[in-house]
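Novice: Residue numbers (this note's numbering), protein chains in the order written: chain E, 1 to 33; chain W, 1001 to 1218.
All residues carry an ideal CB built from backbone N, CA and C; glycine is no exception.
Handing you this structure, nothing more for now.
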């Protein structure tokens, strides 16, 4: 999914807490610009 | 005995749960935005499609204000039962181990199944005999219980597998035929089948009543 965020450093926490369930899902963060 | 049944946007079995629980005590609905559990003795997190199952079933509901209170209640030893979507919510909230994935075959499963009671030392199964078979309906799309092998071994060793589908009746591909688990303390239990839909012979089975009859704190 693509998100517009002000602070990309918050993305891992967003993934861990909501966007992904680390037990069943992997994720990687790519900053596009 | 006073039951509190959580109602999220998208819940659809909370009234059935309330009616089922009201056979055994007081039962009132707890709105998801309220953090006051109103002195209930047991909490039921019911089935449905909380928040439309967006993202993952239970992923958004876990952030409802009421869930912080439910977590505190559970931490203090209060009995909490998650049914179907409620099971998913409790797993997402970290109150139960594991996760529920889409059913094997990606088909909605709606059928009466027999589950075997594996653990009777929980507030919801102490009226059952170990090995007892209960006939309870299932209806879900994402009920395939999953946990890594080492976690499954730990759950089995710790007596946290509370229900297993009877041989040949696993409707969703759950690992090790697991239909329900508990937390380590045993006071939080989740299962995919719906005991609240099986509390009267007119419904085809009254076996579910055994789980709701008197959940006193473990």
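1) Can you find a CB in chain W that lies within less than 8 Å of the CB of residue 23 of chain E?
2) With 8 Å as the C-beta to C-beta threshold (strictly closer), list the residues of the segment 1093-1106 of chain W near chain E in chain order.
3) Between residue 12 of chain E and residue 1077 of chain W, what straight-line distance do the alpha-carbon atoms span, to the nearest angstrom?
4) Let me see if you follow: with CB-CB separation under 8 Å, is residue 1145 of chain W close to chain E or not?
5) Between which two residues does the beta strand (DSSP E) holding residue 1112 of chain W run?
6) Quick one: is residue 1056 of chain W near chain E, going by C-beta distance under 8 Å?
7) How many Å lie between residue 3 of chain E and residue 1044 of chain W at the Cα?
8) Suppose the cutoff is 8 Å on Cβ atoms and the five residues either side in sequence are ignored; what does the same chain contact list for residue 1129 of chain W look like?
9) Note down, one range per segment and in chain order, each alpha helix (DSSP H) of at least 4 residues found wholly within the segment 1064-1137 of chain W.
10) Is the Cβ of residue 1071 of chain W closer than 8 Å to any Cβ of chain E?
11) If you check the beta carbons only, do residue 1198 of chain W and residue 1142 of chain W fall under 8 Å apart?
12) Does the count of Cβ pairs from the segment 1179-1190 of chain W and the segment 1158-1171 of chain W closer than 8 Å reach three?
Specialist: Per the coordinate set shown:
1) Counting from 1 along the first chain, the entry for residue 23 of chain E is found at position 23. For residue 23 of chain E, the answer is yes, since a Cβ of chain W falls inside 8 Å of its Cβ.
2) From the segment 1093-1106 of chain W, only 1098, 1099 and 1101 have a Cβ closer than 8 Å to chain E.
3) Within the first chain, numbered from 1, the residue matching residue 12 of chain E stands at position 12. Within the second chain, numbered from 1, the residue matching residue 1077 of chain W stands at position 77. A direct Cα-Cα distance of roughly 33 Å separates residue 12 of chain E from residue 1077 of chain W.
4) Numbered from 1 along the second chain, position 145 holds the residue referred to as residue 1145 of chain W. By this cut-off, residue 1145 of chain W is not an interface position.
5) Along the second chain, one-based indexing puts residue 1112 of chain W at 112. Counting along the chain, the beta strand (DSSP E) containing residue 1112 of chain W begins and ends at 1109-1117.
6) As a first step, residue 1056 of chain W must be located in the second chain, where it is residue number 56. Residue 1056 of chain W counts as touching chain E.
7) Locating residue 3 of chain E in the first chain gives position 3, where the first residue counts as 1. Locating residue 1044 of chain W in the second chain gives position 44, where the first residue counts as 1. Distance between the alpha carbons of residue 3 of chain E and residue 1044 of chain W: 35 Å.
8) Mapped onto the second chain, residue 1129 of chain W falls at position 129. Excluding the 5 residues flanking it on each side, residue 1129 of chain W has same chain C-beta neighbours closer than 8 Å at 1117 and 1120, in chain order.
9) Here the runs fully enclosed are 1065-1075 and 1085-1092.
10) Within the second chain, the letter at position 71 stands for residue 1071 of chain W. No, residue 1071 of chain W lies away from the interface with chain E (no Cβ there is under 8 Å from its Cβ).
11) Numbered from its first residue, the second chain carries residue 1198 of chain W at position 198. Numbered from its first residue, the second chain carries residue 1142 of chain W at position 142. The Cβ-Cβ distance between residue 1198 of chain W and residue 1142 of chain W does not fall below 8 Å.
12) Flag = yes, the segment 1179-1190 of chain W and the segment 1158-1171 of chain W touch.
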